[in-house]
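The structure appears below as structure tokens.
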Amino acid sequence: MLKLKSSVRQNKRYLLIEGKKEEIEKAILDYVGILGYAKAAPIFVKKNKYSYVLAVNRKEIDRIRGAFAISSDKITVLKVSGTLKGLNKK
Numbered sequence: 002m003l004k005l006k007s008s009v010r011q012n013k014r015y016l017l018i019e020g021k022k023e024e025i026e027k028a029i030l031d032y033v034g035i036l037g038y039a040k041a042a043p044i045f046v047k048k049n050k051y052s053y054v055l056a057v058n059r060k061e062i063d064r065i066r067g068a069f070a071i072s073s074d075k076i077t078v079l080k081v082s083g084t085l086k087g088l089n090k091k
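When we follow this note's numbering, the leftmost residue of the sequence shown carries the number 2, and every step to the right adds one.
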């Protein structure tokens with residue numbers, strides 16, 4: 002696997018989200034669209050008992066949070082962090 006320079010690599014933010022995976026993906030696609038979905042590059046990193054950790058491109062974080070706010074589904078963003086370790090801290 003090729004290593005990327007740090008200047009080329011995308012900066013990610015991690016969201017701790019409460020909701021169903023299908024509803025999360027649908028909310029992003031409905032309100033941000035296919036192009037916005039590609040720009041945000043959301044990746045489900047980890048699954049807890051009732052929540053998911055979603056990695057999103059740093060520049061698109063506001064659009065993704067806006068999609069969850071507009072969505073009629075019960076999706077709540079519990080916490081946002083720059084590291085996975087930061088999500089575990091209270």
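The beta carbon of each residue, even a glycine, is placed where N, CA and C say it ideally should be.
Reduced DSSP category for residue i - H, G, I as helix; E, B as strand; rest coil
{"i": "Y15", "result": "strand"}
{"i": "V1", "result": "Nothing can be reported for residue 1, as the shown portion of the chain is limited to 2 through 91."}
{"i": "L36", "result": "helix"}
{"i": "G20", "result": "coil"}
Start-to-end residues for the beta strand (DSSP E) that takes in residue i
{"i": "I92", "result": "There is no way to answer for residue 92, as the model of the chain reaches only from 2 to 91."}
{"i": "L79", "result": "77-82"}
N- and C-terminal bounds of the alpha helix (DSSP H) containing residue i
{"i": "Y53", "result": "Segment 52-58 is the beta strand (DSSP E) holding Y53; no alpha helix (DSSP H) there."}
{"i": "D63", "result": "62-71"}
{"i": "K86", "result": "85-89"}
Residue i versus the options, residue with shortest Cα-Cα distance
{"i": "I65", "options": "K40, E23, K6", "result": "K40"}
{"i": "S96", "options": "R59, E24, Y51", "result": "Residue 96 is absent from the structure shown; the chain starts at 2 and stops at 91."}
Beta-carbon proximity list for residue i, same chain, < 6 Å, skipping 5 on both sides
{"i": "I44", "result": "A56"}
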